[in-house]
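Undergrad: The sequence shown runs 201 to 360 under my numbering. C-beta: ideal position from N, C-alpha, C; glycine also. None of the values given here were measured: they were computed from a predicted structure. Provided herewith is a single structure, encoded as structure tokens, for subsequent inquiry.
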Amino acid sequence: MPEVTTPAHQVGDFFVDYEEKVFEDVKADPGEKALVTFHTVAFEGSIGLVNLLQALRLLRKGFETSVLLYGPGVTLGVQRGFPKIGDAAFPGHQNFNDQLSKFMTEGGKVYACRFALQALYGHGEPSLIPGIRPISPLDVLDIILLHRKDNAFILDTWTV
Numbered sequence: 201m202p203e204v205t206t207p208a209h210q211v212g213d214f215f216v217d218y219e220e221k222v223f224e225d226v227k228a229d230p231g232e233k234a235l236v237t238f239h240t241v242a243f244e245g246s247i248g249l250v251n252l253l254q255a256l257r258l259l260r261k262g263f264e265t266s267v268l269l270y271g272p273g274v275t276l277g278v279q280r281g282f283p284k285i286g287d288a289a290f291p292g293h294q295n296f297n298d299q300l301s302k303f304m305t306e307g308g309k310v311y312a313c314r315f316a317l318q319a320l321y322g323h324g325e326p327s328l329i330p331g332i333r334p335i336s337p338l339d340v341l342d343i344i345l346l347h348r349k350d351n352a353f354i355l356d357t358w359t360v
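Structure (structure tokens):
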């Protein structure tokens with residue numbers, strides 16, 4: 201049998217060089233926009249949370265940033281909690297709510313498709329996190345096209 205002679209890792213050890221940054225820190229030019237779309241189910245994977253963090257980072261880099269929740273993406277924007285709304289039933293239970301609220305507090309805009317909200321997931325507008333703007337399903341394509349016309353950076357978030 202081979203013998204393992206490497207000492208066990210200790211709390212506080214580093215596995216990687218977390219200080220090296222390879223690329224320049226890009227900032228938005230005045231008036232630049234970004235749109236992050238979500239067609240993903242809350243808690244079905246990491247992409248919803250990861251790209252909410254990306255949306256916040258885009259906002260902090262100076263981009264006028266909007267988030268679009270459509271299809272199953274509206275599940276990121278509903279109020280949740282157990283036993284009461286706002287309570288965290290388990291660690292991370294409020295991740296989406298917390299990130300969207302922080303994003304809006306810092307100036308980001310969030311839109312949610314009314315069709316998906318009601319027809320697909322049985323929620324009404326009062327179910328949305330305060331500050332999220334409900335929109336017509338006909339607005340879903342138009343917000344994307346308007347951002348395209350403005351040469352915005354668009355990050356599409358999908359899971360299947």
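#1: Nearest-angstrom Cα distance between residue 267 and residue 314?
#2: Between residue 335 and residue 311, is the Cβ-Cβ spacing less than 7 Å?
#3: According to DSSP, is residue 247 helix, strand or coil?
#4: Once DSSP output is grouped into helix, strand and coil, what is the label at residue 226?
#5: Could you tell me which residues DSSP puts in a beta bridge with residue 264?
#6: Can you find the residues in the same chain that come closer than 7 Å, C-beta to C-beta, to residue 143, ignoring five residues on each side of it along the sequence?
#7: Between residue 331 and the rest of its own chain, which residues show a CB-CB distance below 6 Å, the 5 nearest in sequence each way excluded?
#8: Can you tell me whether residue 206 is helix, strand or coil according to DSSP?
#9: If you check the beta carbons only, do residue 296 and residue 276 fall under 7 Å apart?
#10: Could you tell me which of 324, 239, 260, 263 sits nearest to residue 279, measuring between CA atoms?
#11: Answer yes or no: do residue 342 and residue 233 have a C-beta to C-beta separation smaller than 7 Å?
#12: Using only the alpha-carbon positions, how far apart do residue 288 and residue 273 sit?
#13: Counting only the same chain and skipping the five closest in sequence on each side, list residues whose C-beta sits under 8 Å from that of residue 306.
TA: To lay it out plainly:
#1: Start at 1 with the first residue of the sequence shown, and residue 267 comes out as number 67. Start at 1 with the first residue of the sequence shown, and residue 314 comes out as number 114. The straight-line gap from Cα to Cα measures roughly 15 Å.
#2: Numbered from its first residue, the sequence shown carries residue 335 at position 135. Numbered from its first residue, the sequence shown carries residue 311 at position 111. Yes, they are a contact pair.
#3: Locating residue 247 in the sequence shown gives position 47, counting from the first residue. In this structure, residue 247 counts as helix in the three-state DSSP scheme.
#4: Along the sequence shown, one-based indexing puts residue 226 at 26. Three-state DSSP puts residue 226 in coil, outside helix and strand.
#5: Counting from 1 along the sequence shown, the entry for residue 264 is found at position 64. Note: residue 264 sits in a beta bridge opposite 233.
#6: Because the chain is modelled from 201 through 360, residue 143 falls outside the range shown and cannot be assessed.
#7: The count along the sequence shown starts at 1 and reaches residue 331 at position 131. 304, listed in sequence order.
#8: What you label residue 206 is simply residue 6 of the sequence shown in a count that begins at 1. In this structure, residue 206 counts as coil in the three-state DSSP scheme.
#9: For the purposes of this step, residue 296 is taken as the residue at position 96 of the sequence shown. For the purposes of this step, residue 276 is taken as the residue at position 76 of the sequence shown. Yes, the Cβ-Cβ distance between residue 296 and residue 276 is below 7 Å.
#10: As a first step, residue 279 is located in the sequence shown; it is residue number 79 there, counting from the start. When each option's Cα is compared against that of residue 279, the closest is 324.
#11: Looking up residue 342 in the sequence shown gives position 142. Looking up residue 233 in the sequence shown gives position 33. For residue 342 and residue 233, no; Cβs fall outside 7 Å.
#12: Position 88 of the sequence shown, counted from the first residue, corresponds to residue 288. Position 73 of the sequence shown, counted from the first residue, corresponds to residue 273. In a straight line, the C-alpha of residue 288 is about 20 Å away from that of residue 273.
#13: Along the sequence shown, one-based indexing puts residue 306 at 106. Taken in chain order, the residues that qualify are 256, 259, 260.
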